[in-house]
Structure formats: C-alpha cells, structure tokens
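There are 2 protein chains.
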Amino acid sequence: MSSEIVIIPQGGVTSAGGFLAGAVRAGIREDVDKLDLGIVYSERPCAAAGLFTGSRVKAAPVLVCQKHLADGRAQAIVANSGCANACTGEEGLRQAYEMAELTASKLGVQPEDVVVASTGVIGNCMPMDRIRSAVGDIALSREGGDDLARAIMTTDTVPKQTAVRFDCQGRRYTLGGVAKGAGMIHPHLATMLCFLTTDAPVRQDFLDTALRRAVDTSFNMITVDGDISTNDMAVVLANGLAAGEPLDAEHPAAEPFCDALAQVCIDLAKAICRDAEGATKLIEVRVGGAASDADARRAARRVAGSLLVKTAVYGEDLNWGRILAALGGSGADVAEDKATLYLSDICLYRGGHPLDYDDRAARAALTGDEVELRLDLGLGDGAATAWGCDITEEYVRLNSAYTT
Amino acid sequence: MSSEIVIIPQGGVTSAGGFLAGAVRAGIREDVDKLDLGIVYSERPCAAAGLFTGSRVKAAPVLVCQKHLADGRAQAIVANSGCANACTGEEGLRQAYEMAELTASKLGVQPEDVVVASTGVIGNCMPMDRIRSAVGDIALSREGGDDLARAIMTTDTVPKQTAVRFDCQGRRYTLGGVAKGAGMIHPHLATMLCFLTTDAPVRQDFLDTALRRAVDTSFNMITVDGDISTNDMAVVLANGLAAGEPLDAEHPAAEPFCDALAQVCIDLAKAICRDAEGATKLIEVRVGGAASDADARRAARRVAGSLLVKTAVYGEDLNWGRILAALGGSGADVAEDKATLYLSDICLYRGGHPLDYDDRAARAALTGDEVELRLDLGLGDGAATAWGCDITEEYVRLNSAYTT
Numbered sequence: 312m313s314s315e316i317v318i319i320p321q322g323g324v325t326s327a328g329g330f331l332a333g334a335v336r337a338g339i340r341e342d343v344d345k346l347d348l349g350i351v352y353s354e355r356p357c358a359a360a361g362l363f364t365g366s367r368v369k370a371a372p373v374l375v376c377q378k379h380l381a382d383g384r385a386q387a388i389v390a391n392s393g394c395a396n397a398c399t400g401e402e403g404l405r406q407a408y409e410m411a412e413l414t415a416s417k418l419g420v421q422p423e424d425v426v427v428a429s430t431g432v433i434g435n436c437m438p439m440d441r442i443r444s445a446v447g448d449i450a451l452s453r454e455g456g457d458d459l460a461r462a463i464m465t466t467d468t469v470p471k472q473t474a475v476r477f478d479c480q481g482r483r484y485t486l487g488g489v490a491k492g493a494g495m496i497h498p499h500l501a502t503m504l505c506f507l508t509t510d511a512p513v514r515q516d517f518l519d520t521a522l523r524r525a526v527d528t529s530f531n532m533i534t535v536d537g538d539i540s541t542n543d544m545a546v547v548l549a550n551g552l553a554a555g556e557p558l559d560a561e562h563p564a565a566e567p568f569c570d571a572l573a574q575v576c577i578d579l580a581k582a583i584c585r586d587a588e589g590a591t592k593l594i595e596v597r598v599g600g601a602a603s604d605a606d607a608r609r610a611a612r613r614v615a616g617s618l619l620v621k622t623a624v625y626g627e628d629l630n631w632g633r634i635l636a637a638l639g640g641s642g643a644d645v646a647e648d649k650a651t652l653y654l655s656d657i658c659l660y661r662g663g664h665p666l667d668y669d670d671r672a673a674r675a676a677l678t679g680d681e682v683e684l685r686l687d688l689g690l691g692d693g694a695a696t697a698w699g700c701d702i703t704e705e706y707v708r709l710n711s712a713y714t715t
Numbered sequence: 312m313s314s315e316i317v318i319i320p321q322g323g324v325t326s327a328g329g330f331l332a333g334a335v336r337a338g339i340r341e342d343v344d345k346l347d348l349g350i351v352y353s354e355r356p357c358a359a360a361g362l363f364t365g366s367r368v369k370a371a372p373v374l375v376c377q378k379h380l381a382d383g384r385a386q387a388i389v390a391n392s393g394c395a396n397a398c399t400g401e402e403g404l405r406q407a408y409e410m411a412e413l414t415a416s417k418l419g420v421q422p423e424d425v426v427v428a429s430t431g432v433i434g435n436c437m438p439m440d441r442i443r444s445a446v447g448d449i450a451l452s453r454e455g456g457d458d459l460a461r462a463i464m465t466t467d468t469v470p471k472q473t474a475v476r477f478d479c480q481g482r483r484y485t486l487g488g489v490a491k492g493a494g495m496i497h498p499h500l501a502t503m504l505c506f507l508t509t510d511a512p513v514r515q516d517f518l519d520t521a522l523r524r525a526v527d528t529s530f531n532m533i534t535v536d537g538d539i540s541t542n543d544m545a546v547v548l549a550n551g552l553a554a555g556e557p558l559d560a561e562h563p564a565a566e567p568f569c570d571a572l573a574q575v576c577i578d579l580a581k582a583i584c585r586d587a588e589g590a591t592k593l594i595e596v597r598v599g600g601a602a603s604d605a606d607a608r609r610a611a612r613r614v615a616g617s618l619l620v621k622t623a624v625y626g627e628d629l630n631w632g633r634i635l636a637a638l639g640g641s642g643a644d645v646a647e648d649k650a651t652l653y654l655s656d657i658c659l660y661r662g663g664h665p666l667d668y669d670d671r672a673a674r675a676a677l678t679g680d681e682v683e684l685r686l687d688l689g690l691g692d693g694a695a696t697a698w699g700c701d702i703t704e705e706y707v708r709l710n711s712a713y714t715t
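Keeping their order, the protein sequence lines are chains A and B. 312 is the number of the first residue of the first sequence in the numbering used here; add one for each residue after it. 312 is the number of the first residue of the second sequence in the numbering used here; add one for each residue after it.
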C-alpha cells in the first residue's frame with residue numbers, strides 16, 4: 312500500500328529507467344534569457360495517456376496531442392515556454408504538427424509518437440525558424456530533467472520535479488514527473504503542464520484509468536485563480552523497462568501504482584500552488600462528512616478558490632465567516648447546524664454556533680507557509696482535499712503592470 | 312416601451328408616492344461613526360416580493376424575510392450595517408424576529424409585514440440593546456432615502472439610489488430603489504442588499520415575475536469576486552398609490568413596468584460594480600450570437616468574472632487572449648473559428664485569427680472608467696450582458712490588511 316511508496320531524493324522526470332531529457336534556449340521570446348525548448352524521450356516506445364484542458368478554446372498543441380495519443384502510444388514529448396500557440400488558427404496547427412515532425416526526425420521516431428506542449432502568450436504564432444534550428448541542439452541525458460523542468464517554466468520561480476518508487480513481488484517500479492505551474496508568462500496565461508514517466512509496463516486502458524484517478528485527486532483539486540487555461544495537459548508515458556507482466560486492474564501492483572502516480576501528481580500540484588504568482592502560503596482544505604464525494608470536492612474547491620478566503624489567509628487574519636460563506640455558495644449540501652470548522656486542530660464553529668477559541672493559537676496556525684482548514688459537514692461519508700494559495704498585491708501587480 | 316421610461320434626477324427609494332425612509336446611528340459597530348440602522352416604510356400595505364441568496368448558509372434575517380414574505384405582503388423594511396447576523400444559530404434568529412417586532416410596534420403594523428435585512432461581519436450576534444433604543448429614534452420622511460442609503464453602506468464609498476417613471480394610459484407610475492454594494496465591511500463579507508419601491512398597484516404573482524426578470528438581467532449578471540454572500544437580497548414593495556387596475560401580465564403597463572424595474576435594477580447593479588472595493592473601472596461584457604441565452608449568460612459572466620481579465624483591464628493592457636481563455640472555460644458552446652471579439656468598436660479577433668488593430672485606439676478604449684467588451688459567438692441568437700470591475704492591489708489590501 313501507500314506505506315511502501317518511497318520518495319526518491321532529487322527525483323524527477325528521468326528517474327524511471329529509459330527516460331532521457333534535455334533543453335536549450337531557442338529564443339522563443341527574445342527578451343528573456345532562459346531555456347525555453349525541451350524534450351523528454353523514452354528509449355523504448357511507451358503506453359501513453361493524456362488529460363487535457365476542459366476549455367472550449369483549445370490551443371493547437373492540445374489538439375495535436377489528442378490526435379497523437381489516440382492510439383495510446385508515444386515515445387517523446389517536445390515542450391516550449393514563451394508562446395502558447397493558442398487562438399492561432401490553421402497556422403498554429405501547422406506549426407504544432409511541424410514541432411512533432413522536427414522532434415520525430417531528430418529522434419528517429421514517428422511524428423505520431425510525439426506529444427507537443429506549449430505555454431506562454433496566447434494569440435501569437437510560434438517563431439518556427441528558431442524552433443527548427445534549436446531542436447537539433449537539444450542534448451538528451453539521464454541528468455537532463457532539471458533543464459527540461461526549467462525550460463517549461465514561465466513565471467514559476469522554482470522547477471518542479473518529483474519521483475517515487477515502490478516494490479511489488481520482488482520487482483521495483485519507478486514513477487517520476489515534472490510540472491510547470493499556474494504562473495503567467497509576461498503575464499498572459501495560467502498554464503499547467505505535467506509530464507509523468509514510469510518504467511512500469513502498463514496496459515494502456517489501465518494507464519488511462521490510473522491517470523484519470525491521479526489527476527482527479529491532484530491537479531483537478533488545485534485552484535490558483537479560477538481561470539481554465541487553453542493549454543493545460545497532463546501526460547503519462549510508461550515504457551515497461553521494469554519488465555514483468557503489464558499492469559492492469561487485477562495486477563498485484565495495480566493499487567500501489569495508482570497510489571504512487573497520485574502521490575507524484577499531488578506533490579507536483581501542491582508545488583504549483585506554493586509557487587503560484589505572488590503566493591506566500593499553501594492552503595489545504597480538507598472536507599469530510601459530506602453527503603457525497605462529489606459534494607466534498609465542490610466544497611473543498613470552492614473554499615480553496617474563494618478570493619475572500621485567500622485574502623484573509625494572506626492577511627493572517629481569522630475571518631472564518633468567509634469560509635462558511637464560501638461553503639454555503641459551493642453547491643454542496645450544507646446543514647449549518649451540523650457543520651464543524653477547524654483551523655489546524657482548533658475548532659472554530661460547531662453545531663450552528665461560533666465557538667470561543669484561543670486567539671493566539673489560531674493566529675499562530677495562520678502565520679506559517681501552510682494553512683490547513685478542515686470542514687466536517689456531518690451529513691455522510693463524502694471526503695475530498697483541495698489546495699489553493701493566498702492572493703497578494705503582488706499577484707495583482709504581476710498580472711496588470713506590464714507593457715505589451 | 313422603454314423609450315418612455317424617464318429617469319428622475321436624484322430619485323431613490325422614496326420617489327414613489329407613499330414611501331418614507333430614515334436612519335440613525337445605533338452604534339452597532341462602536342468603532343465606526345456612521346448611520347447604521349434604517350427603515351423604509353410605506354403608508355399603505357404593499358404587495359411584496361423578494362429574491363434571496365442562493366447560498367446554503369443563509370443569514371438569520373434572510374430566513375425571517377422568506378417567512379414574512381410568504382404571504383406576498385409587506386409594509387416596511389428594517390436594515391442595518393455592521394453585523395450580518397449570519398452563522399449565529401437560534402440566538403441570531405430570535406434577534407432577527409425581534410428587529411421585526413420592534414419596527415412593527417414603532418410603526419403600528421404587523422411584525423409579519425416587516426422585512427429584515429442585515430449586512431456586515433459574519434458570526435457575531437446583534438447588539439440588541441442598541442437596536443432596541445435606536446429604532447424609536449428613526450425619523451421617517453420623504454427626504455430620508457439618502458440617510459437610509461448611507462445606513463446600509465459598509466465599505467461602499469457612495470450611496471446608491473435611483474428612480475424612474477413612465478406614463479401609461481394617462482396614469483403615471485414611479486419606481487425607485489436603493490442598494491448597497493459588493494464592498495466588504497472591515498472587511499468580512501460581500502453583501503448585496505436592494506430595496507425597490509413603486510406606487511404601481513401590482514398583483515403579487517406578477518410582481519414576483521417582474522422582480523425575477525429584473526434581477527436576472529441585473530444583479531444576477533454582476534460579479535465582483537465570485538463569492539456568494541449569506542445575506543444577499545432584493546425586495547420590492549408595491550403600494551398601489553398610483554391607483555388604477557392592478558398590473559398583471561395582460562395589463563398595458565405590464566411591459567413598461569418590467570422594463571422600468573429592470574432599468575432601476577441595472578442602474579443599481581452597475582453602481583455596485585463601479586463602487587466595488589478597490590475598483591477603478593466598470594467592465595461591460597456583451598455577448599451575442601450564442602447558441603442560447605443561457606450560454607450567453609454563462610459566457611458574459613465568466614469573462615466579467617475572470618481574475619485575469621480583471622487584472623488586465625486594471626493594467627490597461629490589451630491582453631485579449633485572456634478573454635478568449637475565459638470564454639473557453641465558461642461552459643458555453645464555443646467554435647473558435649466563428650467567434651469575434653471587440654474592444655469597444657475595435658475588432659481584435661475574428662474567424663479563428665488575431666487581427667491587426669490600431670494599438671493606440673485599443674489603448675484609448677482601456678483608459679476610461681468604463682471598458683466595453685463584445686463577443687459574437689456566431690452560433691445562434693443567444694444574448695446577454697454582464698458587468699464586473701477590475702481588481703487592484705487595493706482590493707487585496709482592503710481584504711487582508713486589518714486586525715480583528
């Protein structure tokens with residue numbers, strides 16, 4: 312079970328066997344001197360699955376990925392920052408296909424086995440000249456994960472990688488991942504990109520299920536500003552290098568695999584919240600006792616997403632009425648006289664009544680860089696956890712004060 | 312039709328015949344020296360209708376109002392700022408009933424004919440001693456609307472009143488209203504209160520329909536921070552002083568009455584957005600060509616509510632990709648290649664492609680205190696307009712930097 316899942320220190324997208332990565336500075340944005348184009352490559356073809364933005368306005372690379380992953384196979388990911396290639400019409404679509412072709416011919420794989428991901432400014436086409444000359448310069452290695460992680464950063468301040476391993480029936484499986492956060496480049500767009508890799512052999516339909524489950528408890532439970540991106544994606548590649556029987560729902564490693572994948576995703580999701588633009592605190596909202604899991608998810612996400620809760624947490628002031636107000640507006644079933652609210656272990660509200668609590672202890676629970684809110688709705692067994700972050704003047708400044 | 316609707320200069324909640332108002336400083340919050348308790352009174356019993364917060368966590372006064380308005384009749388409204396009387400359990404409920412009783416005995420009406428409204432801090436009970444001694448001091452007059460408007464203000468910076476009149480078949484009908492905005496007191500809660508008055512005789516069921524229709528195109532189409540309050544309410548009183556046949560759907564004045572009520576509500580709703588905490592600009596989002604009106608409403612509200620659109624407008628920077636991203640995430644049907652986006656009259660995007668536009672003209676359209684965005688989805692006849700405001704460092708400061 313999850314107790315057997317071991318975090319790999321400094322682990323990342325190349326921790327699982329057979330995965331290489333690398334990145335270069337292609338100059339996609341001339342004004343920023345940073346890595347901006349990278350590749351993740353598996354030495355063997357992979358079972359692959361992807362989940363994409365729910366937006367009706369999907370970026371060109373998202374459309375290309377959906378097509379390329381339709382057969383459940385992939386072998387490489389090419390990703391850039393500095394340009395989202397969204398709202399760019401036919402031209403943008405041609406460019407996304409060309410990025411796959413350039414990568415495929417460099418690596419000697421099929422273009423259909425290349426996943427394309429972009430993040431950055433919406434409404435600009437890709438500077439394809441620079442991409443064409445830069446793809447060839449990308450050197451791939453087992454140590455290239457950090458470069459790749461930096462290449463997909465926009466206003467992220469730290470690269471985000473993690474990896475775990477677990478043993479099952481004498482076999483060791485490794486899972487790693489890299490993500491970029493809900494920062495906005497120069498600043499235009501919140502884009503979440505996540506690439507997951509594993510050496511486990513996994514049947515594609517089970518990989519799909521495992522990814523969906525992991526994303527549901529991680530990336531689908533974080534909120535920075537409530538804006539759905541045109542470019543969001545989470546993609547997992549499983550190359551089978553760990554050997555053995557392919558994992559499916561009946562396999563003894565199925566459950567720890569799902570748990571491990573969820574843990575990688577949750578680690579990356581929390582890292583995204585911690586590093587959100589201008590944020591100073593991670594907010595964890597744990598809801599229990601809901602009428603259903605769906606209700607718990609609604610409630611947790613709404614509280615974590617409430618601007619008023621975010622500003623209160625930023626101010627380190629215990630404005631708990633805002634938490635109940637957000638709960639009330641979440642769409643979840645709520646009976647005021649059955650709800651209980653905790654800040655860390657301090658009970659603030661129970662059975663329809665505000666409680667007397669130790670002001671100093673409550674204040675102390677707000678001063679750290681993680682704030683935990685727990686709600687027991689007292690109605691059933693539904694449970695869920697969501698993560699958010701505080702909102703600061705810096706967020707507003709970053710997203711308003713710049714000149715095109 | 313609506314062309315006959317005339318705005319009454321300096322009009323307000325007492326513009327219609329037979330309505331009086333007044334307010335006092337009860338000292339509900341000791342630390343703020345302002346009017347905080349007021350009454351609107353009709354010399355005659357009124358047909359009445361109300362719409363209340365959709366939150367599952369409803370303040371005590373909301374519960375009392377729903378009960379008191381169940382018979383479709385009312386004659387007075389008592390309202391306070393400084394305390395929301397929300398999340399206060401049985402005690403809060405008793406207090407809200409007592410506020411109705413105190414007001415009723417002062418005015419010589421039935422407690423069941425008194426509407427109770429509160430706004431302010433959640434989780435505190437009412438200082439009933441102060442209320443008891445202050446209710447008697449409220450002097451009611453035709454000129455008291457402004458005092459009442461000020462008494463319900465929290466962090467609003469201006470009182471919000473408006474009134475219109477129209478003539479139909481030789482009879483003059485007047486409609487007025489007062490509202491308080493989506494500011495947050497000291498700062499705890501966004502609460503919208505709106506009291507509407509008319510001298511038109513109106514059948515209660517038609518009054519209900521007219522209010523629902525008016526609120527749907529006004530208060531339900533504004534968004535400041537996406538948080539639903541525990542105390543929101545819009546109440547209309549119709550005392551019939553204008554005489555004549557009671558209005559119903561068949562009455563010749565039915566249509567202008569609905570239009571006039573909607574106009575009063577829209578004026579107040581826009582005033583709330585303009586005066587939202589920290590806001591510097593009103594944002595109007597007009598969506599046409601949607602697959603349905605419901606889709607148009609979704610799209611308009613989402614764009615007006617997007618934090619990224621709000622910060623872009625604040626920065627006066629034309630970050631139009633954010634508008635399309637918000638549209639894509641709205642849940643409305645969108646075909647990228649059929650959508651058109653305008654800033655005032657400047658077309659920015661059409662048929663799946665960014666357009667070249669005059670940078671200077673676009674910038675000029677962003678520098679005023681009203682910004683107009685228009686989206687034509689090119690899919691059908693659905694249309695809707697929503698209003699929002701920009702978000703500023705001041706919003707964050709007001710909502711975080713204070714000490715309980």
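In this text, a Cβ means the ideal position worked out from N, Cα and C, and glycines have one as well. Given the structure is predicted, the values throughout are model-derived calculations rather than measurements.
Are there 16 or more other CB atoms within 10 angstroms of the CB of residue i, so buried, or fewer, so exposed?
i, result
"P320 (chain B)", "exposed"
"C700 (chain A)", "buried"
"S444 (chain A)", "exposed"
"R671 (chain A)", "exposed"
"D467 (chain B)", "buried"
"P563 (chain B)", "exposed"
"E315 (chain B)", "exposed"
"S326 (chain A)", "buried"
"D361 (chain B)", "It should be noted that the sequence gives Gly, not Asp, for residue 361 (chain B). Per the 10 Å Cβ criterion, buried."
"L348 (chain B)", "buried"
"E627 (chain B)", "buried"
"E588 (chain B)", "buried"
Closer than 7 Å by beta-carbon distance: list the chain A residues that pair up with residue i, in chain order.
i, result
"I702 (chain B)", "V707"
I want to see whether chain B comes within less than 9 Å of residue i, judged by CB atoms only; does it?
i, result
"S641 (chain A)", "yes"
"R633 (chain A)", "yes"
"V368 (chain A)", "yes"
"A501 (chain A)", "In this prediction, A501 (chain A) scores a pLDDT of 46, lower than 50, which makes its location untrustworthy; no coordinate-derived value is stated."
"Q377 (chain A)", "no"
"M495 (chain A)", "Annotation note: pLDDT 41 at M495 (chain A) (below 50); position unreliable, no value reported."
"G555 (chain A)", "no"
"L504 (chain A)", "no"
"D516 (chain A)", "no"
"L618 (chain A)", "yes"
Any beta carbon from chain A within less than 9 Å of residue i's own beta carbon?
i, result
"A397 (chain B)", "yes"
"D391 (chain B)", "As written in the sequence, residue 391 (chain B) is Asn, which differs from the Asp given in the question. Not an interface residue."
"T364 (chain B)", "yes"
"T660 (chain B)", "Residue identity differs from the one stated: residue 660 (chain B) is Tyr in this sequence, not Thr. Interface residue, yes."
"G600 (chain B)", "no"
If the cut is a Cβ gap below 8 Å, which residues of chain A does residue i touch?
i, result
"A623 (chain B)", "N710 and S711"
"L593 (chain B)", "The premise fails here: L593 (chain B) is roughly 16 Å from chain A at the closest Cβ pair, so nothing lies under 8 Å."
"G679 (chain B)", "Result: empty, since nearest Cβ-Cβ is about 16 Å, beyond 8 Å."
Output, in chain order, the set of chain B residues within a Cβ distance shorter than 9 Å of residue i.
i, result
"T541 (chain A)", "G632, L635, A636, G639 and G640"
What in chain B is Cβ-close to residue i, meaning under 7 Å?
i, result
"P512 (chain A)", "Ordered by position in chain B, no residue passes the 7 Å Cβ test against P512 (chain A), which lies about 36 Å from the chain."
"P665 (chain A)", "C398 and G434"
Identify the contact partners of residue i in chain B, using a Cβ-Cβ distance below 8 Å as the criterion.
i, result
"L374 (chain A)", "Ordered by position in chain B, no residue passes the 8 Å Cβ test against L374 (chain A), which lies about 10 Å from the chain."
Check your understanding: Which residues, in chain order, does the region 682-694 of chain B contribute to contact with chain A at a C-beta distance below 8 Å?
Key -> Of all residues in the region 682-694 of chain B, none has a Cβ within less than 8 Å of some Cβ in chain A.
Check your understanding: Is it true that the region 662-673 of chain B meets the region 397-417 of chain A, where meeting means three or more beta-carbon pairs spaced less than 8 Å apart?
Key -> The region 662-673 of chain B, when compared against the region 397-417 of chain A, does touch it at the 8 Å Cβ threshold.
Point to revise | the region 559-575 of chain A / the region 362-373 of chain A touching (three or more Cβ pairs under 8 Å) | key: A contact is defined here as three or more CB-CB pairs under 8 Å, and the region 559-575 of chain A fails this definition with respect to the region 362-373 of chain A.
Practice item. Could you run through the region 642-653 of chain B and flag, in chain order, every residue whose CB is less than 9 Å away from some CB of chain A? Key: Here the close residues are G642, A643, D644, V645, A646, E647, D648 and A650.
Review point. So, do the region 621-640 of chain A and the region 681-701 of chain A have three or more beta carbon pairs nearer to each other than 8 Å?
Key: As far as the Cβ criterion goes, the region 621-640 of chain A touches the region 681-701 of chain A, which means the pair count is three or higher.
Check your understanding: What residues in the region 476-487 of chain A have a beta carbon less than 7 Å from any beta carbon of chain B?
Key -> Listed by position, the residues of the region 476-487 of chain A near chain B (Cβ gap below 7 Å) amount to none.
Exercise for review: Inspect the CB distances between the region 483-490 of chain B and the region 414-434 of chain B and report whether three or more fall short of 8 Å.
Suggested key: In the pairwise beta carbon analysis, the region 483-490 of chain B is classified as not touching the region 414-434 of chain B: fewer than three pairs are separated by under 8 Å.
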